[in-house]
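As C-alpha cells, the structure follows; a few thoughts come after it.
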Amino acid sequence: MYKKFNIYHIKKLHKLFIVIIMIGMHTITIYANTHIVCKTCAHTTIKETIKAASAYDTIIVKKATYNEYNIIVDKPLTIIGKNYPVIDGKRQGEIITIISDHVTIDGLFIINVGTSYTEDYAAIRVKKSKDFMIQNVVLEKLFFGIYLEKARDGVLYHNKIIGDAVEEYNSGNGIQLWYCKNIIIEHNFVQRVRDGIYLEFSDDCKIKNNVSSHNIRYGLHFMFSNNDSYENNTFEKNGAGVAVMFSKKIKMYRNIFKENWGSASYGMLLKEINDAEITENTFEENTIGINIEGSNRIQYSKNNFINNGWAIKVRGACYTNTFKLNNFLNNSFDISYNSKLNDNLFHNNYWSKYTGYDLDKDGIGDVPYRPVKLFSYIVNRTPETIILLRSLFIDIIDFSEKVSPVFTPDKLLDHHPLIHKIKW
Amino acid sequence: MVVIENLHKTFQKNKVLTGVDLTIDKGGIFAILGPNGSGKTTLIKSILGMVIPTQGSIQIMGKNIKNNWLYRKKIDYLPQIANFPNNLRVKELFKMIKDIRGNTNTDQELIELFKLSPFLNKKLGNLSGGTKQKVNIVLTFMFNSPILILDEPTTGLDPISLIRLKELIRKEKTKGKTILITSHIMSFVEEISDEIVFLLEGKIYFRGNITQLKTQTEQPNFEHAIASILKNTYA
Amino acid sequence: MLKILKYSFYDLMRSRWSYIYFLFYLLLGTVLLFLNNDLSKAIITLMNVIIILVPLIGTIFGVMYYYNSKEFTELLLAQPLKRNSIFLGQYLGLSLSLTMSLVLGIGIPFILYGIFKSDSIWNFSLLLITGAFLTFIFTALAFNISLSNENKIKGFGYAVLLWLFLAIIYDGIFLMSLILFEDYPLDKLSLFGTMLNPIDLSRTLILLKLDISALLGYTGAVFKKFFGTSFGLIVSLFMLFVWILIPTLRIIVKSKKKDF
C-alpha cells in the first residue's frame, strides 16, 4: 500500500528522466518539514499547525483529544495521527475540509460531527481537489462520514465508519461521492448510516473489498453514475443491499449480498440500468435477491442465489437480459414476473428445484425447467397467500400450471438446465 | 353377590334390555339362555361395565359398579371371541395379564392341564382357534375371583379339552364361586348348570332349575323345553 | 396406563407394519442423502414428504390398530383397569411406536452422514419434532374416528377423508377465500386459518425455518410480529400441543360413555 500512498508523487514525475526523479524526490525530502501536535508541544491544535506548515510538510498528531472543528486543509499536507488521536467536533459542524490537492489524512479518530437539516456536515470533506488519500481513519457519531465533492483521482483506504442512524431523514451517508471521477474505495467498513456508500454523478470509480452492513437504506447506492465497478464487497443486513439506479455499464463482481430482510428489501435493486455485468456474486437469505425494473442488456452469470425469498423479481420493462450459469439454490421462489411477456434468456443455470432427468448423461437436463411458478403469481396478487407456501395443494396447482401455462410467461424456460451445481 | 335392579339398555333405538331384575346371592352355576338378540351378551357386558346401562343399577359384592373399576378384580371373564395382539407371545400375554391383575401360580397348573407348554413361545397370531380358546380359558381361570363369567366357553374346543373345562368349572363351583355361563350347546348347559336364567325380549322370562323348567313347559326333555318357550312366544 | 402403553408398544414394535414404515424412512433418508449428497436439500424434501405422509400413516394406522385390537381391548375392559388408561395407553403406545419408526428411520442415515457435525442440525431436529407432533395428532384423531364409528369400513373412509381434507382440500378453500377477500386486511385471518389445521401449523414451523426471507417480505404488522420474532414459533408449538390435547380429551370423554 505504500505505493498508493505516494501515487501522486510518482504521477507527477513519471515522465522525467530517472536522475531527475531522484533529484526531485530528494528535493521534497529536503524541503518538507515535520510538525508535531500535542498538548505540550509548540503547537497544541491542528488548526494552528496547518497555518504554520508549508506545502508538502508532514504533521504528526500525537495521542490526545483535540476539540476542534472547521479544520481547513488548504495546502498539500500529510496529516498522520499517532495511536489514533481523537478529534472531537462537539457537534458544532464539519470537522475537516480539504480544499487542496495532494492531501493525505491517516490514522485519526474523528467523532461528533454536527447534524443539520440544511447543510451536509461531514467528518472529512474533500472539495474540488485531486490526488488525495484518506486512510486508517475511524469515524464515529457522525452525520456524513467522508464526503467527496467534485473530487477526482483519490483513494479511500481502510477507514472505519460507524454511525448510529435510526431514521432516514436525519442521518447522512457513510461515504458520499458527488460529481467525482476515478476514485478508489477499498477495504472500508461502513455501518449504521443511511447509505453505506453513495455515488451520484460519479464515474470510473472502483469499489473493492468493503464491508457495508446494518445501514438504514442501502449498503451501496449508485445514481446517474457510469462505468463504475465494485468487487469483493460484502453487503449485509442493510435496508437493501445495493441500489443501482439510472446508471450505465456498472460492473459487479464477486460481491456478497446477505440477509437484507424486509418488505422492500433487496440484495440488489436495479432500476433503469443498462449494459451491466453481474458475475460471481452471492445472494443469500435476502427477501428479494435482485429486484429488476426497466433494465436492459444485463449479463448475469455465475451468481449464487441461496435461500432467498425471491431470487429474482422482475417488474416489467426488462429486455434482452441473459441469465447464464447461475446457481439457484433453495429459494422460496426462483423467478417472479409480473407480466406474461418474456424477452430475457435463461440458459444453463442450475436450479435446485429441478426434477427432470438426464438420460444422455451430458450434465444437462433433458426436460426444460420453468422457473416461474403459478404460486408466485398468486402471491404477487394476494400477498397473504404466502402462508400457503409448500402446501400440497399449491404443489398441485403449480404442477398443472407447469403442464399448461395460463398465468405465467409460457416461453420463460431454461431449455438446458444443469444437473449439477456450478463451481468456479 | 350380584344384584341387578330394573336394568334397561337401549342402543340408539334398539331396546335390548327392558327392566331386568336379577339377584344372585349364592354360589353355583347359572346359565343365561335366550334366543339370539335377547340381550344375553348385553347383560353380561353390563355386569362387566363394558356396556353402560341406560337405566337401573348393578351391584357386585354389595357395591354399585357405576364409575367404579376396581370391582372387576372380583370377576374373571372369558370373552366369546378371543383375539389377542398378534405379535405377543403366549408367555408374554400371561405375563402381561398377571402384570395387570397381580401375580398367581395357578397358570402353571392350567397350562399343564390344557397342554399349552409347546405353544408358550409362539406368537398369538399364529395359533389356531382352539388353541387361542385354551389360552383364553387359562387367562380366565388363573385368578381366583369369586365371580366367573363365561361367554360361550366351549367354542372350538376338542372333546378332551371340553371334558377338562367341565371339570374345571365344577371344581371352581366347589369353591363356592358364582359362575355365569352363556352357551348354545344345550347338552352342556343341562349337564353343568344349577339354575337357568332365560332372557326373552330384554326381560327375564324364566328363572329356576332345569326340573322346574321341564315342569312348567310340560316337556320331558330340556332342549324341547327351551324350544317350547320360543315356540310359544313366536306363535 | 403405563402397563398398557408398554405392551401396546412392545406389540407394535414387533409388527410387520412398524418395520415397513421404519424401512421406508430408512430407504428414503438414505437415498436422499447419499445419492444427492446435499444435506439441506434432503431435509427440505423430507419436510415436504413428512407433512403429508405422517398424517396419512397416522390416521390409517390409528384406525387399523383400533379395529384390529378391538377384541383384545374388550378383554382389557373386563380387567380391573380404568377405561382411560386402556385407551390412552393404546394411543400412546401406537403414537410412540410410529414416532420411533420415523425418528430411527430418518435418524440413522442422517447420523451416519454426520448430521451432528453440520449446521443443519436445527432444521433436522425441527423435522423430527414436526413429524412427532403430527404422529401424535393424527393418531389421536384416528382414535376419535374409530371410537365414534363401529363400522370398520366407515371408519377407514372417514380417516382417509379427514386426511384428504386437511392435507389438500382445506388449503384449497383457504386459498380461495384469501383471494376472494383480498381487498380486506387478511393477515390475521390467514394466521387464524393456519391454526385450525395441524398440517398447516407444522408447515408454518417449516416455513419459519426455510422461508423466513420470503415471509418477511410481507408488510402486515401481525405477520411481521408472527414471523419476525419467536412469537410465531411459540404460538405454533403451543397450538400443536392444543391439537394433541383436544382429541386426547375427546378420547377420554368418548371412551367413558361408549358401550363395547
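Protein chains in written order, with the numbering used here: chain A, 1 to 424; chain B, 425 to 659; chain C, 660 to 919. The beta-carbon is built from N, C-alpha and C at its ideal position, and this holds for glycine as well.
With H, G and I counted as helix, E and B as strand and the rest as coil, what does DSSP make of residue i?
i      : result
B:H648 : helix
A:I28  : Caution applies to A:I28, whose pLDDT of 49 falls short of 50 and renders its modelled position unreliable; the model cannot decide the point.
C:W676 : helix
A:V379 : helix
A:W178 : strand
B:G463 : coil
A:V166 : coil
A:G219 : strand
A:M22  : For A:M22, the predicted structure reports a pLDDT of 49, less than 50, and the residue's modelled location is therefore unreliable. The matter cannot be settled from this model.
C:Y724 : helix
A:I394 : helix
B:I489 : coil
C:Y877 : coil
A:G241 : strand
C:S807 : helix
C:F919 : coil
A:Y357 : coil
B:G626 : coil
A:K411 : coil
A:E280 : coil
C:S822 : The sequence given here places Trp at residue 822 of chain C; Ser does not occur at that position. Helix at C:W822.
Please compile the residues from chain C whose C-beta is within a distance smaller than 9 Å of the C-beta of residue i.
i      : result
A:I184 : Those within 9 Å of A:I184 in chain C number zero; the least Cβ separation is about 33 Å.
B:M610 : Those do not exist, as B:M610 stays about 26 Å from chain C at its closest Cβ, beyond 9 Å.
A:G309 : D870, I871, S872, A873, L874, L875 and G876
A:G196 : Neighbours of A:G196 on chain C: none; closest Cβ ~21 Å, over 9 Å.
Below 8 Å on C-beta distance, what does residue i contact in chain A?
i      : result
C:K868 : By Cβ distance, chain A contributes nothing, its closest Cβ being about 10 Å from C:K868, past 8 Å.
C:D830 : L388, S391, L392, F393 and I394
So with CB distances below 7 Å, who are the chain C contacts of residue i?
i      : result
A:S352 : K700
A:N286 : S872
B:I524 : K662, Q738 and L740
B:K556 : Going along chain C, no residue has its Cβ under 7 Å from B:K556, so there is no contact; the nearest lies around 10 Å.
B:K469 : F919
Using only the heavy atoms of the ligand FMN, determine whether one of them is closer than 8 Å to the beta carbon of residue i.
i      : result
B:D531 : Within the structure as shown, the ligand FMN is missing, as the structure has no ligands at all.
Can the beta-carbon of residue i be found less than 9 Å from the beta-carbon of residue j?
i      : j      : result
A:H221 : A:A243 : yes
B:I616 : B:F630 : no
A:E285 : C:I871 : yes
A:K106 : A:G145 : In the sequence as presented, Lys is not what sits at residue 106 of chain A; that position holds Asp. Against a cut-off of 9 Å, the Cβ pair of A:G145 and A:D106 comes out as no contact.
B:L544 : B:F565 : no
C:D918 : B:K469 : yes
A:E68  : A:I46  : yes
A:F235 : A:S202 : no
A:I256 : A:Y230 : no
A:L177 : A:I184 : no
C:I710 : C:T758 : no
B:L604 : B:I571 : yes
A:I290 : A:I278 : yes
So with CB distances below 7 Å, who are the chain B contacts of residue i?
i      : result
C:A801 : The premise fails here: C:A801 is roughly 18 Å from chain B at the closest Cβ pair, so nothing lies under 7 Å.
C:F681 : In chain order: nothing, as chain B lies at least about 14 Å away.
What does residue i reach in chain C if we use C-beta pairs closer than 8 Å?
i      : result
B:P503 : E730, E733, L734 and A737
A:T382 : L837, I838, E841 and L845
Give the interface partners of residue i over in chain B, defined as CB-CB distance under 9 Å, in chain order.
i      : result
C:S807 : Simply none; closest approach about 13 Å.
C:F746 : Those do not exist, as C:F746 stays about 13 Å from chain B at its closest Cβ, beyond 9 Å.
Quick one: list the residues of chain A neighbouring residue i, beta-carbon separation under 7 Å, in chain order.
i      : result
C:L834 : T385, L388 and F393
C:R909 : Per Cβ cutoff of 7 Å: no residues; C:R909 is ~26 Å from chain A at best.
Applying a beta-carbon distance threshold of less than 8 Å, which residues of chain B neighbour residue i?
i      : result
C:S674 : N510 and N511
Which bits of chain A does residue i rub up against, with CB to CB less than 9 Å?
i      : result
C:T704 : Within 9 Å Cβ-Cβ: nothing; C:T704 doesn't reach chain A, min ~10 Å.
C:G849 : Note that residue 849 of chain C is Ser in the sequence shown here, rather than Gly. What C:S849 touches in chain A: E384, T385, I386, I387 and L388.
Open item on the list: Under 8 Å, with one C-beta from each stretch per pair, do the region 733 to 742 of chain C and the region 639 to 658 of chain B reach the 3-pair mark?
Closed with: no
Open item on the list: Taking 8 Å as the cut-off, does the region 522 to 535 of chain B touch the region 769 to 788 of chain C (at least 3 CB pairs, one atom from each stretch)?
Closed with: no
Task: Runs of beta strand (DSSP E) wholly within the region 80 to 167 of chain A (minimum 3 residues, chain order) - done: Qualifying beta strand (DSSP E) stretches, in chain order: 86 to 88, 96 to 98, 104 to 106, 109 to 111, 122 to 127, 133 to 135, 138 to 140, 144 to 149, 155 to 157 and 160 to 162.
- [ ] Would you list, in sequence order, the uninterrupted beta strand (DSSP E) runs of no fewer than 3 residues that lie entirely inside the region 560 to 611 of chain B?
- [x] 571 to 575 and 602 to 606
- [ ] Would you check if there are 3 or more beta carbon pairs closer than 8 Å linking the region 380 to 392 of chain A to the region 346 to 353 of chain A?
- [x] no
TODO: Count the C-beta pairs between the region 776 to 783 of chain C and the region 503 to 520 of chain B that are closer than 8 Å, then say yes if the count reaches three, no if not.
DONE: Under the three-pair Cβ rule at 8 Å, the region 776 to 783 of chain C does not count as touching the region 503 to 520 of chain B.
Open item on the list: Assess contact between the region 905 to 919 of chain C and the region 878 to 892 of chain C, defined as three or more Cβ pairs (one per stretch) separated by less than 8 Å. Is contact present?
Closed with: no
- [ ] Take every Cβ of the region 849 to 864 of chain C, pair it with every Cβ of the region 351 to 368 of chain A, and state whether three or more of those distances are shorter than 8 Å.
- [x] They do not touch, by the three-pair rule.
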